[in-house]
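Asks: Okay, handing you the structure first.
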Amino acid sequence: MQAVAPVAPAQPTPPVDDSNTQGASSATDQFGLGFESLLQIVLTQLTYQDPLEPMDNFEFVSQLAQFSQIQQTQEMADSLETLVAAQSTGQAASLLGRTVDVAAGNGSLTGVVTAVAFQNGTPALTIDTEDGNTISGLPLGNVTQIRETP
Numbered sequence: 001m002q003a004v005a006p007v008a009p010a011q012p013t014p015p016v017d018d019s020n021t022q023g024a025s026s027a028t029d030q031f032g033l034g035f036e037s038l039l040q041i042v043l044t045q046l047t048y049q050d051p052l053e054p055m056d057n058f059e060f061v062s063q064l065a066q067f068s069q070i071q072q073t074q075e076m077a078d079s080l081e082t083l084v085a086a087q088s089t090g091q092a093a094s095l096l097g098r099t100v101d102v103a104a105g106n107g108s109l110t111g112v113v114t115a116v117a118f119q120n121g122t123p124a125l126t127i128d129t130e131d132g133n134t135i136s137g138l139p140l141g142n143v144t145q146i147r148e149t150p
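Numbering of the sequence shown is given in the UniProt record's numbering, commencing with residue 1 and proceeding in unit increments.
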């Protein structure tokens, strides 16, 4: 039977600045493996380790802790994504009936928010401008000022 060298422990990756991207990346996207796949790697490693030179207990427990941390990070990222979506929905709904300024091109549009639509989970506003036009599909992130409607 051929001996298989143990798999080296996963090295921590530096934090990634996701502030300019929408939504959180899951651990599966970042590492290319889901938690079940990582667990399968550990089981395979145990199955094929050399019985005369077993893996150090400390190293094994360290790997399991890293896999557990990856799973917890993925669950936290999913929860944060849900929280951000709910917060965005609440913010958009609170604008109904209020006068807003929305950045558009080199200027801005002013109008009363009459509707909020959700396109792929992202809120988009519909406003009635002062000159009687209705403009739809304005991103919530483009709102520059909010005022009480007179």
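Positions of the beta carbon are idealized from the N, C-alpha and C atoms, including for glycine.
So, for leucine 96: in the same chain, excluding its five sequence neighbours on each side, which residues have a beta-carbon less than 7 Å away from its beta-carbon?
Replies: Here residue 96 is taken as the residue at index 96 of the sequence shown, counted from 1. These residues qualify, in order along the chain: Val113 and Val116.
Asks: Apart from the five residues just before and just after serine 68, which ones in its own chain have a Cβ nearer than 7 Å to its Cβ?
Replies: By one-based count along the sequence shown, residue 68 stands at place 68. So no residue of the chain qualifies.
Asks: Three-state secondary structure (DSSP) at leucine 52?
Replies: Residue mapping note: residue 52 aligns to position 52 of the sequence shown, counting from 1. The answer is coil: DSSP assigns leucine 52 none of H, G, I, E or B.
Asks: In this structure, how does DSSP classify leucine 138 when only helix, strand and coil are distinguished?
Replies: Indexing the sequence shown from 1 puts residue 138 at position 138. Note: leucine 138 maps to strand in three-state DSSP.
Asks: According to DSSP, what are the bridge partners of arginine 147?
Replies: The count along the sequence shown starts at 1 and reaches residue 147 at position 147. DSSP, once it has assigned bridges, lists Thr99 as partnering arginine 147.
Asks: When the Cα atoms are used, what is the spatial distance from aspartate 50 to aspartate 78?
Replies: Locating residue 50 in the sequence shown gives position 50, counting from the first residue. Locating residue 78 in the sequence shown gives position 78, counting from the first residue. Straight-line Cα distance between these residues: approximately 39 Å.
Asks: Work out the CA separation of leucine 80 and glutamine 63 for me, nearest whole Å.
Replies: Start at 1 with the first residue of the sequence shown, and residue 63 comes out as number 63. Start at 1 with the first residue of the sequence shown, and residue 80 comes out as number 80. Near 26 Å, if we compare the C-alpha coordinates of leucine 80 and glutamine 63.
Asks: Would you call the region 96–106 and the region 138–145 in contact, with 3 or more CB pairs under 8 Å?
Replies: Yes, the region 96–106 is in contact with the region 138–145.
Asks: Write down the C-beta distance between threonine 122 and isoleucine 135 rounded to the nearest angstrom, noting that I regard them as a contact closer than 8 Å.
Replies: Residue numbering aside, residue 122 sits at position 122 when the sequence shown is read from its first letter. Residue numbering aside, residue 135 sits at position 135 when the sequence shown is read from its first letter. That pair is no contact at about 17 Å.
Asks: Do leucine 140 and alanine 85 have their beta-carbon atoms positioned less than 8 Å apart in this structure?
Replies: Here the question's residue 85 lines up with position 85 in the sequence shown. Here the question's residue 140 lines up with position 140 in the sequence shown. Cβ distance not < 8 Å, so alanine 85 and leucine 140 don't count as in contact.
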